[in-house]
Every structure is written in structure tokens, then in C-alpha cells.
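Enquirer: According to the working numbering, the sequence shown holds residues 1193 to 1497 in order. The beta carbon of each residue, even a glycine, is placed where N, CA and C say it ideally should be. Source: prediction; values computed, not measured. Have a look at this one before I ask anything.
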Amino acid sequence: MTPARVRETAAPAAPVRRAGRRWPVAPEVFVVLWSSAFIAGIPGVRAAPPLLLMFGRFAVAGVLLGAYALVRRVPWPRGRDLAHVAVAGLLIQAMQFGAFYSALGEGLPAAVVSLVQGLNPVVILLVGRVLGERVGAGQWAGFALGLAGVVLAVADRISLSASGVALCLLGLAGLSAGTLYQQRYAPRMDALSGTAVQLLVSAPAAGLACLALGPVRVSDWTAFGLSVGWMALVNSIAAFILLNRMLLRSPASRVSTVFFLTPAVTAVLAWSLAGQPLPPLAVAGLVLGGCGVLLANLSTRRRAN
């Protein structure tokens, strides 16, 4: 795939609508890679402050991905495009993950954090509706099924704290706002160099926030290193390259539907990798969420044709 060049524009670009095309990557691969971050983050937030964990993740992934982008000689964003890519990165990377992993550090279960993140398609849909985007009955039905699947996936494992919920809502706001901002103002961002920029601007933001909010200590360097390594290579590089390429080819409302699957997939990964039980409701949520994604995507394609 030849990287798309970043386009200089004098006014905000409209979202690129290519819903009728095939997904550029298999969405199920993205969902598994994305969901694995919640499992990798559990030992990480026990070993170090969550924002220190995020600083390590962003810094390692940003340097590696930036070096690879230089070797590949892909175009880098410049001027106004660079500013837009950076803003989207601070929202999607620093704000989202800083808040979500801080919620993990507050003791919220990974499945609950994933549940809140899984509400991203609903936020995207509602914002799109306010902005005048037409939503068909089939799409509404698909979103309703997806939302029901999200709730079922973790319905019997909810444990709440006021600060943890507030942090999760902050993370959800960062993910949703960043997704919409990127597709509107940086629709042709190169997946390699653009993601590298987003990670590199997020690393100092997370590091400064960590220094400002409390003592910086690591109690288990092995757990910390393994967690940072997995999240940097698998989640910040591989998963975000896939996400950015999907955003280049499809509307944000369609791309966001895959997040309906993350709570149930997180439960499956916790069962297979961490030995946690897999409740029947989680299985039902996985099936229902998958049906919702399929229905919403089929409806989007029919409206585009």
C-alpha cells in the first residue's frame, strides 16, 4: 500500500466517505490487538504509576515508529497538517489512555474500562447526528445491538468508584473527540509518520502529568518493562497503524463500530491468558456485539450504494 500524502488545505476538510470499499485490514485483528492492551496494563499499573506507564509506552513506540517511517521515507505532516495531527494525537493517545489506565490504577476492572471505551460508537453516532449526518434505521438497530452486547459482556462484573468512572468518561471523551477531529482535519494523514507524531507529542504530556501528580516509583521493573514493551509494540504501533488506515478508508461512525467488540474480547483474553472465568453473559455479549457491528456495516454500505 502506497502511503497517502498529507494534503495541505486552507479550510477544514470534510470527512472522506468511502464506506462502500472493503476494509483495508481485517477488523477482527485490530479488535484482538486493541483489547490485549487492557490485559497487559493490569500488571503494569500495579508496578508503576499509570502515567509513567503511558510515558514509557508512548516514548518507546514513538521512537521506533518514527525511525521506521524515516527508513521507509514516507511523507511527514507539515505546517497546519502537523498541528492537526498533533492535536488528534493528544486526544486519542494522551487523554484517552492516560485517563483509562489511571482508572485501572484506581482499581476498576479491565472489563469495566473496556465497557466505557466500547461506548465510543454511540458517542460518534450522536455527534454525527447533531452535525447533520444521516443515520438509517438499520444503522440505529446495529448500534442498539452493539450497545446491548457491550452491556452484556460485563454485566455481572461491574465494580464502580466515583473517581474511576470520571476518569473513564474523560478517556471516552478523548477517544471520541480525537477520532472525529482526525477524520475532519487530517483525513489523509500517513499511518506511519502520523502515528509517530501522535506518540511523540503524547510522551512528554504524559511524563509531565506524572511528575505533577505524584511520586514516580517502579516497584517491579520486570512487570513494568514487559507491560511497556507489549503496549508499545502491539498496541501503540500495530493496532494504531491499523486504526489509522481504517480511518483513511471509512467514515468514523463505521470504524467506531468495532469498539463494540472490545469488552467481550477483553473478557475472552482474560479467560485464556490470565485464567479468569468466562461468564455466559460475556459470550452472549460477544455474539450480540458482533451482530450489531455486522448490521451497522451492512446498512452503511447499502446507504452508500
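1) Since I believe Thr1387 is in contact with Ile1433 (beta carbons under 8 Å), could you give me their beta-carbon distance rounded to a whole number of angstroms?
2) Checking 9 Å against the spacing of the C-beta atoms, do Ser1394 and Ala1232 come in under that value?
3) Taking 6 Å as the limit between beta carbons, can you name the residues of its chain near Ala1383, skipping five residues before and five after?
4) Just to confirm the assignment, what range does the alpha helix (DSSP H) spanning Glu1220 have?
5) Looking at C-alpha atoms only, which residue of Ser1448, Leu1478, Trp1422 is the closest neighbour of Val1460?
6) How about Pro1241 and Ala1415: do their beta carbons lie closer than 9 Å?
7) Three or more beta-carbon pairs under 8 Å between the region 1443 to 1454 and the region 1267 to 1280, yes or no?
8) Can you check which of these residues, Ala1456, Val1457, Ala1476, Leu1425, is closest to Gly1258 by C-alpha distance?
9) Between which two residues does the alpha helix (DSSP H) containing Gln1375 stretch?
10) If you draw a straight line from the alpha carbon of Ile1284 to that of Leu1403, how long is it in whole angstroms?
11) In the structure shown, what three-state DSSP assignment does Val1245 receive?
12) May I have the straight-line CA-CA distance separating Val1343 from Leu1307, to the nearest angstrom?
13) Note down the Cα distance separating Leu1392 from Phe1292, rounded to an integer number of angstroms.
14) Use the C-beta contact count for Val1305: other C-beta atoms within 10 angstroms, 16 or more gives buried, fewer gives exposed.
15) Within the same chain, show all residues whose beta-carbon is closer than 8 Å to that of Val1420, passing over the 5 residues directly before and after it, in chain order.
16) I'd like to know whether the C-beta atoms of Phe1500 and Gly1341 end up nearer to each other than 9 Å.
17) Closer than 8 Å by C-beta to Asn1312: which residues in its own chain qualify, once you throw out the five before and the five after it? Chain order, please.
18) Using the rule of at least 16 other Cβ atoms within 10 Å of the residue's Cβ for burial, across every protein chain shown, is Ser1355 buried or exposed?
19) Are the CB atoms of Arg1380 and Leu1440 within a distance shorter than 9 Å?
20) Would you kindly report the start and end of the unbroken alpha helix (DSSP H) that includes Leu1392?
21) Could you give the uninterrupted runs of the alpha helix (DSSP H) lying entirely in the region 1253 to 1318, keeping only those of 4 residues or more?
22) Rounded to the nearest angstrom, what separates Ala1431 and Trp1463 at their Cα positions?
23) Please name the residue in Gly1290, Ala1456, Pro1301 whose C-alpha comes closest to that of Pro1396.
24) On the premise that Leu1487 lies in contact with Gly1299, defined as a C-beta separation below 8 Å, what is that separation, rounded to the nearest angstrom?
Expert: Let me spell this out:
1) Confirmed, Cβ separation roughly 6 Å.
2) Against a cut-off of 9 Å, the Cβ pair of Ala1232 and Ser1394 comes out as no contact.
3) Same-chain partners within the cutoff: Ile1433, Asn1436, Arg1437.
4) Run containing Glu1220: 1219 to 1239, per the alpha helix (DSSP H) assignment.
5) Selected option, being the one with the closest Cα: Leu1478.
6) No; because the gap between Cβ atoms is not below 9 Å, this pair is not in contact.
7) Flag = no, the region 1443 to 1454 and the region 1267 to 1280 do not touch.
8) Ranked by Cα distance from Gly1258, the options Ala1456, Val1457, Ala1476, Leu1425 are led by Leu1425.
9) Where Gln1375 is concerned, the enclosing alpha helix (DSSP H) stretches over 1354 to 1377.
10) The C-alpha of Leu1403 is placed about 21 Å away from the C-alpha of Ile1284.
11) One detail in the question is off: residue 1245 reads as Leu in this sequence, not Val. Secondary structure at Leu1245: helix, using DSSP grouped into helix, strand and coil.
12) Near 7 Å, if we compare the C-alpha coordinates of Leu1307 and Val1343.
13) The alpha-carbon atoms of Leu1392 and Phe1292 are separated by roughly 19 Å.
14) Buried: at least 16 other Cβ atoms inside 10 Å.
15) Excluding residues up to 5 positions away in sequence, Gly1236, Leu1245, Gly1248, Arg1249, Val1252 lie with their Cβ nearer than 8 Å to the Cβ of Val1420 in the same chain.
16) Here the chain comprises residues numbered 1193 to 1497, so residue 1500 is not present and cannot be evaluated.
17) Contacts found: Leu1364, Leu1367, Ser1368, Thr1371, Ser1448, Phe1451.
18) Exposed is the call here.
19) Contact: yes.
20) Per DSSP, Leu1392 belongs to the alpha helix (DSSP H) from 1383 to 1405.
21) Entirely contained in the region 1253 to 1318, the alpha helix (DSSP H) runs reaching 4 residues are, in chain order, 1271 to 1281, 1288 to 1297, 1302 to 1309.
22) One C-alpha to the other measures close to 21 Å.
23) Selected option, being the one with the closest Cα: Gly1290.
24) Contact between Gly1299 and Leu1487 is ruled out by a C-beta separation of about 35 Å, above the 8 Å threshold.
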